[in-house]
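*Asks:* Can you keep this structure in mind? I'll have questions shortly.
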Amino acid sequence: MTAIAVEAPARRLGQLKQTGAAGILSAAVVAVATVAAVVGPLIAPYNTTVPDTTLAFVGPTGGHLLGFDFEGRDVLSRLLAGAQSSMVGPLAVVAISLAIGIALAVTSAWRRGATDAAVSAALDIMFAFPGILLAVLATTVFGPGLVAASVALGIAYVPYVARVLRGAALKERSQPYVAALEVQGLSGPAICLRHIVPNMRSLIVAQATIMFGWAMVDLAAISFLGLGVQAPAPNWGVMISENAVGVMQGYPLPTLAAGACVVIVVIAFNVLGERLLERAALA
Amino acid sequence: MTRRKFLLRRLVMLVCSLIVASFVIFASMYLAPGSALSALAGGRALPASSVATLDKQYHLNQPFFAQYWYWVTNALHGNLGTSIEWRENVSTLMGGLVWTTAGLVLYASLIICVLGIGLGILAGLRPGLLDTSTLVATAITAALPSFVAAMVLITVFAVQLNWFPALGNGAGFADDVRHLTLPAIALALSSLAIVARITRAAVRDETGREHVQTAISRGIPYRLIVRRHILRNAAIPITTITGITIASLIAVDAVVETAFSINGLGAFLVKAAQDKDLAVVQGISLVLVTAFVVVNLIVDLLYAALDPRVSLGTAAT
Numbered sequence: 002m003t004a005i006a007v008e009a010p011a012r013r014l015g016q017l018k019q020t021g022a023a024g025i026l027s028a029a030v031v032a033v034a035t036v037a038a039v040v041g042p043l044i045a046p047y048n049t050t051v052p053d054t055t056l057a058f059v060g061p062t063g064g065h066l067l068g069f070d071f072e073g074r075d076v077l078s079r080l081l082a083g084a085q086s087s088m089v090g091p092l093a094v095v096a097i098s099l100a101i102g103i104a105l106a107v108t109s110a111w112r113r114g115a116t117d118a119a120v121s122a123a124l125d126i127m128f129a130f131p132g133i134l135l136a137v138l139a140t141t142v143f144g145p146g147l148v149a150a151s152v153a154l155g156i157a158y159v160p161y162v163a164r165v166l167r168g169a170a171l172k173e174r175s176q177p178y179v180a181a182l183e184v185q186g187l188s189g190p191a192i193c194l195r196h197i198v199p200n201m202r203s204l205i206v207a208q209a210t211i212m213f214g215w216a217m218v219d220l221a222a223i224s225f226l227g228l229g230v231q232a233p234a235p236n237w238g239v240m241i242s243e244n245a246v247g248v249m250q251g252y253p254l255p256t257l258a259a260g261a262c263v264v265i266v267v268i269a270f271n272v273l274g275e276r277l278l279e280r281a282a283l284a
Numbered sequence: 024m025t026r027r028k029f030l031l032r033r034l035v036m037l038v039c040s041l042i043v044a045s046f047v048i049f050a051s052m053y054l055a056p057g058s059a060l061s062a063l064a065g066g067r068a069l070p071a072s073s074v075a076t077l078d079k080q081y082h083l084n085q086p087f088f089a090q091y092w093y094w095v096t097n098a099l100h101g102n103l104g105t106s107i108e109w110r111e112n113v114s115t116l117m118g119g120l121v122w123t124t125a126g127l128v129l130y131a132s133l134i135i136c137v138l139g140i141g142l143g144i145l146a147g148l149r150p151g152l153l154d155t156s157t158l159v160a161t162a163i164t165a166a167l168p169s170f171v172a173a174m175v176l177i178t179v180f181a182v183q184l185n186w187f188p189a190l191g192n193g194a195g196f197a198d199d200v201r202h203l204t205l206p207a208i209a210l211a212l213s214s215l216a217i218v219a220r221i222t223r224a225a226v227r228d229e230t231g232r233e234h235v236q237t238a239i240s241r242g243i244p245y246r247l248i249v250r251r252h253i254l255r256n257a258a259i260p261i262t263t264i265t266g267i268t269i270a271s272l273i274a275v276d277a278v279v280e281t282a283f284s285i286n287g288l289g290a291f292l293v294k295a296a297q298d299k300d301l302a303v304v305q306g307i308s309l310v311l312v313t314a315f316v317v318v319n320l321i322v323d324l325l326y327a328a329l330d331p332r333v334s335l336g337t338a339a340t
C-alpha cells in the first residue's frame, strides 16, 4: 500500500503531461462529432438524399469540398447529416449495456455467494455470443434497422461491462461506509443506488467511453453490411459500402472520407476512454 | 483446484455455452413478430405444401421445448433445416463455403501469429527506432475497422498497384492464396496491432525483471536468456491475447468476406440475413458460435498448460 501512495503523485504528474495534446485533441474530436450529431442534418449545406446522376463521382470543386458520391450527392453534406445515425446508435448500445451491466454487477456484489456465482457463470456463457452475430440474427428476425442492431449489441456487450463493474462494486461493498450505512438501517437497494453506484461513476464513465468506440465500429459494420441504417438515409457505414463501386473504379474519396470519419471518432473515444480509465484507477 | 477439476469445469462451461447459444438461435424465430412459420418464411407467401413440410420438419404442432429438442438433435446430425430462398438443405449449401472461411481465418491467424508476435518481440527487445515506429503504427491500425482496412487495401494494392485481385475467390490453391491475401490482411490488421502491442509490453516487462538482469550480468548467452527467461514468461499474456483476437476473427469474418465479395460462410450469412432466410442464418450462426466457443476453450487450455497457477486456482478469480 505504501508503495502505491508514494508512487501516486509522480504518476499523476506524468498523467497530466500525457493528457496534454492527445487528450485535448480527442476531447475536441468528440465534441465536434457530438455537435455534428445534434445539428448536422440542419447545417448540411446541400440536399443529402436526392440523386443527380450527372454529378456521380465528380471530384471536389469550390463549394463541394469532398466532391460527389455515386449518385451525385454532396459528400460533405451526407457526412454531416450521417453523423446523427452514426452517433445515436452507439449511444443506445452503451445505455442498454450500462443499464443491464450495472444492475447485474451491483446485485451480484451486494448479494455475494450463490447469486454472485450464478451471475458470473451466466456472464461467462454470454461471452459465447459475438456481438456482430447476435446483431445479424436480430436483424434477420426483426428486419434490418438501427433499433434491432443496437438492442442486440447492447445485450452482447453486457458481460464486458458487468465483469469490470462487478470487481469495482465488490471493492466498494467491502468499504467501511457501506457497513456503517447498513447499521443505520438503510436498505440494500438504497445503499446501492445512492452510494455504491455514484461512487463508481468515474469507472462507469470511462467504461462507457471505451464501449462507445467499439459500438461505433460494430454498428458501422452492420450498416456496411446493409443490415443497419438503410440507404438512402445518410450514415457513415452505409456511405462506405454504397460508394465501394468507386473504389473499384479508382475514385475512393467518398468511401475513404466516410471511413476516416469512423476511424477518427473511434480513436478519439478510445484515447479519451483510456485517459478516463487511468484517472479512475488513480482516484 | 486441480488440473482435472479445471478441465472439467471448462468442459461443463463449454456445453452450457453451446446449449444457451443454440437455444437463443432457435428461440429467435419465436421472438419475431407473427408466427414462427412466418418467421421461417421471412414474409414470403408459401404454398400449402411448403407449410406442411415446414410444420413437419420443425414439429410446429408440438410444445416449444420439444421443438427445440428436435431442432438441436437434427443439427447434431448435420441437418440444419431447409433454406426458404434456395429450396435446398442448409448443410448442403454451407458445405463448400466452410473451407473458404476456415482458410481465410487460418490465413489471418497465421499473419497475426507471425507478424504480430514477431514484431512485438523485436520491438520489445530493441528499444529505438523500430520500437517507436511499431508503437505509432500499431496505435493507428489497432483502431482501424476491418471494412475500412479492406477499402484502403483494395485502393492501394488492387486498384493502384494491381498486385492482388480486388474481389472474389480463386481457382486452385495458389490462386486462392492470392485472392485471400488482401482479405486476410484486412481481417488480421487490428488484431495484429493489439497482439504486437501486448507482446512488446510483456517482453519489455520480463526483460526488466531482476532474474533476467542477474542472468545478463552473470554472462549467460543472450539468446538463452531470451528463450528461457524472457519469452517463456512472456508467453502467458501473449497466448491469451492471441487466442482472444483469433476467436474474434470468426465474428468479423462476415464483414471482410462481404467487403471482398468472397464466397464464404460469412458473406452467405449476410446475404441470408438480407433475404430473411432464417434457417440459413440459424445454421451458420450455430456453426460460427460453436467455432468461437471451441477456440476460446483451446485458448483457456493452453493458458492453463503454460501457467500452472491457473490450475491451482490462484488466478481463477
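Chains C and Y supply the protein sequences, listed in that same order. Number 165 in our numbering belongs to position 164 of the first sequence; there are no gaps in the numbering. Number 132 in our numbering belongs to position 109 of the second sequence; there are no gaps in the numbering. Glycine included, every Cβ here is placed at the ideal spot set by N, Cα and C.
With a threshold of 16 other CB atoms inside 10 Å of the CB of Val-279 (chain Y), please say whether the residue is buried or exposed.
*Replies:* Buried, by the Cβ-count rule.
*Asks:* Between which two residues does the alpha helix (DSSP H) harbouring Lys-172 (chain C) extend?
*Replies:* That run of the alpha helix (DSSP H) goes 159-174.
*Asks:* Return the chain-ordered list of same chain residues with a C-beta closer than 6 angstroms to the C-beta of Gly-60 (chain C), the five sequence neighbours on each side being excluded.
*Replies:* Cβ within range, chain order: Gly-68.
*Asks:* Interface residues of chain Y around Met-285 (chain C) at Cβ under 8 angstroms?
*Replies:* Absent from the structure is residue 285 (chain C), since the part of chain C shown begins at 2 and ends at 284.
*Asks:* Check whether the Cβ atoms of Thr-222 (chain Y) and Leu-329 (chain Y) lie closer than 8 angstroms to each other.
*Replies:* No, these two residues do not count as a Cβ contact at 8 angstroms.
*Asks:* Does the region 171-188 of chain C come close enough to the region 223-240 of chain C to have 3 or more Cβ pairs within less than 8 angstroms?
*Replies:* Short answer: they don't touch.
*Asks:* Counting along the chain, where does the alpha helix (DSSP H) carrying Ile-44 (chain C) start and finish?
*Replies:* Here the alpha helix (DSSP H) through Ile-44 (chain C) covers 25-44.
*Asks:* Output the distance between the C-alpha atoms of Val-310 (chain Y) and Leu-288 (chain Y), rounded to the nearest integer angstrom.
*Replies:* Taking the straight line from one Cα to the other gives about 9 angstroms.
*Asks:* Run through chain C and tell me which residues come within less than 8 angstroms of Thr-263 (chain Y), C-beta to C-beta.
*Replies:* By Cβ distance, chain C contributes nothing, its closest Cβ being about 14 angstroms from Thr-263 (chain Y), past 8 angstroms.
*Asks:* On a Cα-Cα basis, can you pick out the residue from C:Leu-134, C:Ala-84 and C:Gly-144 that is closest to Gly-66 (chain Y)?
*Replies:* Among C:Leu-134, C:Ala-84 and C:Gly-144, the Cα nearest to that of Gly-66 (chain Y) is on C:Gly-144.
*Asks:* Report all residues from its chain with a CB closer than 7 angstroms to the CB of Ile-253 (chain Y); omit the five preceding and five following residues, and keep chain order.
*Replies:* Only Val-226, Glu-229, Thr-230 and Val-235 meet the Cβ criterion.
*Asks:* Taking Met-289 (chain C) as part of the alpha helix (DSSP H), name the residues at either end of that continuous run.
*Replies:* No answer is possible for residue 289 (chain C): the residues shown for chain C start at 2 and end at 284.
*Asks:* Take Ala-125 (chain Y) and list the residues in its own chain whose beta-carbon comes closer than 7 angstroms to its own, dropping the five residues that flank it on each side.
*Replies:* None.
*Asks:* Check the Cβ-Cβ distances between Met-88 (chain C) and every residue of chain Y, and say whether any is below 8 angstroms.
*Replies:* By this cut-off, Met-88 (chain C) is not an interface position.
*Asks:* For the region 86-128 of chain C, which segments carrying the alpha helix (DSSP H) assignment without a break, of at least 4 residues, lie completely within its bounds, in sequence order?
*Replies:* Taking only runs of at least 4 residues, the alpha helix (DSSP H) segments lying wholly in the region 86-128 of chain C are 114-127.
*Asks:* Compare the C-beta of Phe-196 (chain Y) against all C-beta atoms of chain C and say whether one is closer than 8 angstroms.
*Replies:* Chain C, which has no Cβ nearer than 8 angstroms to the Cβ of Phe-196 (chain Y), makes this no.
*Asks:* Quick one: list the residues of chain C neighbouring Met-117 (chain Y), beta-carbon separation under 9 angstroms, in chain order.
*Replies:* The contacting residues do not exist; Met-117 (chain Y) stays about 15 angstroms from chain C at best.
*Asks:* Would you say the region 272-279 of chain C touches the region 103-117 of chain C, given that touching needs at least three Cβ pairs under 8 angstroms?
*Replies:* Flag = no, the region 272-279 of chain C and the region 103-117 of chain C do not touch.
*Asks:* Report buried or exposed for Tyr-53 (chain Y), applying the criterion of at least 16 other Cβ atoms within 10 angstroms of its Cβ.
*Replies:* Exposed, because fewer than 16 other Cβ atoms sit within 10 Å of the Cβ of Tyr-53 (chain Y).
*Asks:* Which residue marks the beginning of the alpha helix (DSSP H) containing Phe-29 (chain Y), and which one marks its end?
*Replies:* Taken as a continuous stretch (DSSP letters only), the alpha helix (DSSP H) holding Phe-29 (chain Y) covers 26-54.
*Asks:* Against chain C, which members of the region 94-116 of chain Y pass a CB distance test of less than 8 angstroms?
*Replies:* If the cut-off is 8 angstroms between Cβ atoms, the region 94-116 of chain Y has nothing near chain C.
*Asks:* If I'm right that Leu-120 (chain Y) touches Asn-286 (chain Y) with Cβ under 8 angstroms, what's the distance once you round it to whole angstroms?
*Replies:* Going by Cβ atoms, the distance from Leu-120 (chain Y) to Asn-286 (chain Y) rounds to 7 angstroms, so yes, they are a contact pair.
*Asks:* Compare the C-alpha of Val-200 (chain Y) against each of Y:Val-218, Y:Thr-123 and Y:Ile-267 and name the closest.
*Replies:* The option with the nearest alpha carbon to Val-200 (chain Y) is Y:Thr-123.
*Asks:* On the three-state DSSP scale, how would you describe Thr-62 (chain C)?
*Replies:* The answer is strand: DSSP assigns Thr-62 (chain C) an E or B state.
*Asks:* Within 10 angstroms of the Cβ of Leu-34 (chain Y), are there 16 or more other Cβ atoms? Answer buried if so, exposed if not.
*Replies:* So Leu-34 (chain Y) counts as exposed.
*Asks:* Does the distance from the C-beta atom of Leu-215 (chain Y) to that of Ile-177 (chain Y) stay below 8 angstroms?
*Replies:* Not a contact, by the Cβ cut-off of 8 angstroms.
*Asks:* Could one say the Cβ of Thr-141 (chain C) lies closer than 8 angstroms to chain Y's Cβ atoms, at least one of them?
*Replies:* Yes, Thr-141 (chain C) counts as interfacial toward chain Y.
*Asks:* Please list, in chain order, all residues of the same chain as Val-128 (chain Y) whose beta carbon is under 7 angstroms from its beta carbon, the five residues on each side excluded.
*Replies:* Contacts found: Leu-272, Ile-273 and Asp-276.
*Asks:* When Cβ atoms are compared, which residues of the region 193-227 of chain C fall closer than 8 angstroms to chain Y?
*Replies:* Against chain Y - using a Cβ distance shorter than 8 angstroms - the residues of the region 193-227 of chain C are Gly-214, Val-218, Ala-221, Ala-222, Phe-225, Leu-226 and Gly-227.
*Asks:* Tell me where the alpha helix (DSSP H) around Ser-92 (chain Y) begins and ends.
*Replies:* Looking at the sequence itself, residue 92 (chain Y) is Trp, so the reference to Ser does not match. 87-99 is the extent of the alpha helix (DSSP H) around Trp-92 (chain Y).
*Asks:* Do you know offhand how far Arg-164 (chain C)'s Cα is from Ser-121 (chain C)'s?
*Replies:* Approximately 8 angstroms between the Cα atoms of the pair.
*Asks:* DSSP on Asp-78 (chain Y), reduced to helix/strand/coil?
*Replies:* Helix at Asp-78 (chain Y).
*Asks:* Report the rounded CA-to-CA distance for Asn-192 (chain Y) versus Ala-209 (chain Y), giving the unit in angstroms.
*Replies:* The straight-line gap from Cα to Cα measures roughly 16 angstroms.
*Asks:* Does the distance from the CB of Val-322 (chain Y) to the CB of Leu-37 (chain Y) come in under 8 angstroms?
*Replies:* No, they are not a contact pair.
*Asks:* Figure out for me which residue from C:Val-40, C:Ile-192, C:Val-89 and C:Tyr-252 has the closest Cα to the Cα of Leu-147 (chain C).
*Replies:* If we check each option's Cα against that of Leu-147 (chain C), C:Val-89 comes out closest.
*Asks:* Evaluate Ser-40 (chain Y) with the Cβ neighbour count: other Cβ atoms within 10 Å of its Cβ, from every protein chain shown; 16 or more gives buried, anything less gives exposed.
*Replies:* Buried, by the Cβ-count rule.
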